């Protein structure tokens with residue numbers, strides 16, 4: 001047995017389906033219940049404990065990925081927060097007792113316990129195929145258990161769709177596809193709809209700090225007809241019981257409709273503090289309640305539809321252009337395959353003595369294009385104020401691939417150091433290069 005298997009094999013596994021052949025190392029829920037009958041239970045004590053209600057009791061502690069800051073932040077999630085998410089969060093058009101949900105690994109990401117508790121609340125079946133994401137095990141579980149509902153981060157979807165074991169004839173049971181954890185674009189939703197033609201496809205927004213903020217109103221709208229903001233998918237409208245505002249940080253006031261700003265949220269599902277009360281400046285209170293500064297760049301249009309355009313820290317500040325918009329254009333121009341954006345293109349801000357900041361694009365491969373063609377394309381689409389400071393390939397940066405975390409997101413702080421070093425060397429200077 002390999003060394004790592006002794007460390008990571010689960011201590012207990014449960015088979016929840018009736019009639020399945022016993023698997024080595026697994027026990028059925030019926031057998032577990034039968035063993036439990038041998039042990040005496042103090043029913044009075046159990047009943048008394050069940051009657052105690054404490055909505056503020058900490059149910060679990062989760063941690064952010066630390067992608068933007070470099071340090072994961074822990075947050076205590078309360079009972080009332082989990083209860084609200086279970087009541088408000090939408091998990092597809094066909095969610096109910098007959099649903100068979102593939103639980104997305106890894107279990108230390110907030111999506112795993114949230115979707116598990118929501119599934120059990122409605123009496124649905126939850127299937128956990130592996131301890132870490134594995135495209136092959138995922139496809140095996142879909143066919144074996146008749147999975148109806150699946151959640152993918154964009155990078156996970158592309159890995160499943162490109163896997164040699166993928167067979168369209170074995171995914172007929174899938175009726176709902178949800179995606180989140182990164183930027184959701186028109187191109188991604190169209191590809192998901194094409195790969196799973198019998199399924200309803202929708203974005204599912206959620207933060208480690210809390211969820212249940214948005215309500216999807218487009219189940220009867222085809223993916224191609226959704227009200228996109230440029231190439232960015234809508235998230236829906238404000239959910240019942242939630243409050244959101246788009247904040248103009250420079251003006252210190254609520255933004256107007258169709259004006260981008262930082263998304264602030266007020267909801268019982270959101271943590272009140274980070275673990276150890278760190279980053280208290282991420283929270284504030286007013287007459288409406290306690291608000292959380294999400295760090296997301298958001299927008300609400302005239303109809304009340306909400307969009308997340310990227311992370312506020314990723315905005316190129318001179319013209320407030322979202323890096324995701326540039327990345328989408330460069331990805332379309334330079335990518336011959338169907339690989340996800342995060343494996344092909346990244347856009348970061350570089351210092352400029354004239355305009356403060358300018359966007360710099362990095363591509364996995366130029367695929368026959370050159371720096372001049374890419375810069376001209378961005379200039380033609382966005383105008384003279386949005387010109388790229390430059391374009392480089394991963395090879396030029398001394399990388400084989402973009403540094404990604406376990407959910408397929410670029411490790412931005414680590415990646416920025418490679419870009420800065422490349423520009424410094426190219427300019428022949430010492431320290432951070434400027435444009």
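Residue numbers (full-length UniProt numbering): 1 to 435. Heads up, the beta-carbon is just placed ideally off N, CA and C, and yes, glycines get one too. Remember, it's a predicted structure, so these values are computed and weren't measured experimentally.
Close beta carbons around residue i, own chain, < 6 Å, minus the five adjacent residues each side
i, result
"residue 320", "Any reading at residue 320 is ruled out, since the residue's pLDDT is 46, under 50, leaving its predicted position unreliable."
"residue 183", "324"
"residue 444", "No answer is possible for residue 444: the residues shown for the chain start at 1 and end at 435."
"residue 371", "391"
"residue 302", "257"
"residue 110", "62 and 208"
"residue 143", "170"
"residue 73", "64 and 274"
"residue 364", "344 and 394"
"residue 264", "245, 247, 291 and 293"
Other residues of its chain near residue i: CB distance less than 7 Å, five sequence neighbours each side excluded
i, result
"residue 212", "84, 85, 88, 89, 239, 242, 267 and 269"
"residue 165", "136 and 139"
"residue 235", "203, 205, 214, 306, 307 and 308"
"residue 146", "100 and 173"
"residue 251", "none"
"residue 403", "410, 411, 414 and 415"
"residue 209", "75, 270, 271 and 292"
"residue 442", "No answer is possible for residue 442: it lies beyond the span of the chain, which begins at 1 and ends at 435."
"residue 230", "325"
"residue 190", "223 and 224"
"residue 51", "none"
Three-state secondary structure assigned by DSSP to residue i
i, result
"residue 432", "Because residue 432 carries a pLDDT of 40, less than 50, the predicted location of this residue cannot be relied on, and the following value inherits that uncertainty. DSSP places residue 432 in coil when its eight states are reduced to three."
"residue 293", "strand"
"residue 26", "coil"
"residue 308", "strand"
"residue 320", "Any reading at residue 320 must be qualified, since the residue scores a pLDDT of 46, below 50, and its modelled position is unreliable; no value is offered."
"residue 251", "coil"
"residue 415", "helix"
"residue 422", "helix"
"residue 231", "coil"
"residue 437", "In the structure displayed, the chain extends from 1 to 435; residue 437 sits before or after that span and is not available."
"residue 126", "strand"
"residue 358", "strand"
"residue 47", "helix"
"residue 303", "coil"
"residue 236", "strand"
"residue 132", "coil"
"residue 327", "helix"
"residue 53", "coil"
Close beta carbons around residue i, own chain, < 8 Å, minus the five adjacent residues each side
i, result
"residue 56", "78, 79 and 80"
"residue 97", "122, 123 and 124"
"residue 419", "348, 350, 360, 362, 392 and 397"
"residue 112", "103, 104, 105 and 106"
"residue 304", "237 and 238"
"residue 219", "93, 200 and 202"
"residue 180", "111, 151, 153, 203, 204, 205 and 206"
Counterpart residues of residue i in DSSP-defined beta bridges
i, result
"residue 266", "243"
"residue 39", "BP columns for residue 39 are empty, so no partner."
"residue 202", "178"
"residue 77", "60"
"residue 210", "207"
"residue 298", "261 and 308"
"residue 404", "410"
"residue 150", "102 and 177"
"residue 284", "291"
"residue 390", "360"
"residue 140", "The partner list for residue 140 (beta bridge, DSSP) is empty, contrary to what the question assumes."
"residue 345", "363"
Test: residue i CB closer than 9 Å to a CB of chain B
i, result
"residue 280", "Considering every chain present, this structure includes no chain B. It has just one protein chain."
Item checked: Start-end ranges of the beta strand (DSSP E) lying completely within the region 82-107, minimum 3 residues -> You should have 100-102.
Margin query: Taking contact to mean 3 or more Cβ pairs, one atom from each stretch, closer than 8 Å, check whether the region 223-234 and the region 109-129 are in contact.
Written below: Counting C-beta pairs closer than 8 Å gives fewer than three between the region 223-234 and the region 109-129, which falls short of the contact rule.
Checklist line | Cβ pair count under 8 Å reaching 3, the region 196-208 against the region 254-264 | finding: Because the criterion of three Cβ pairs below 8 Å is not met, the region 196-208 and the region 254-264 do not touch.
Margin query: Assess contact between the region 98-108 and the region 275-295, defined as three or more Cβ pairs (one per stretch) separated by less than 8 Å. Is contact present?
Written below: No: fewer than three Cβ pairs fall under 8 Å.
Notebook entry, point to check: Taking contact to mean at least 3 C-beta pairs separated by less than 8 Å, is the region 386-398 in contact with the region 358-378?
Noted result: With the cut-off at 8 Å, the region 386-398 and the region 358-378 touch.
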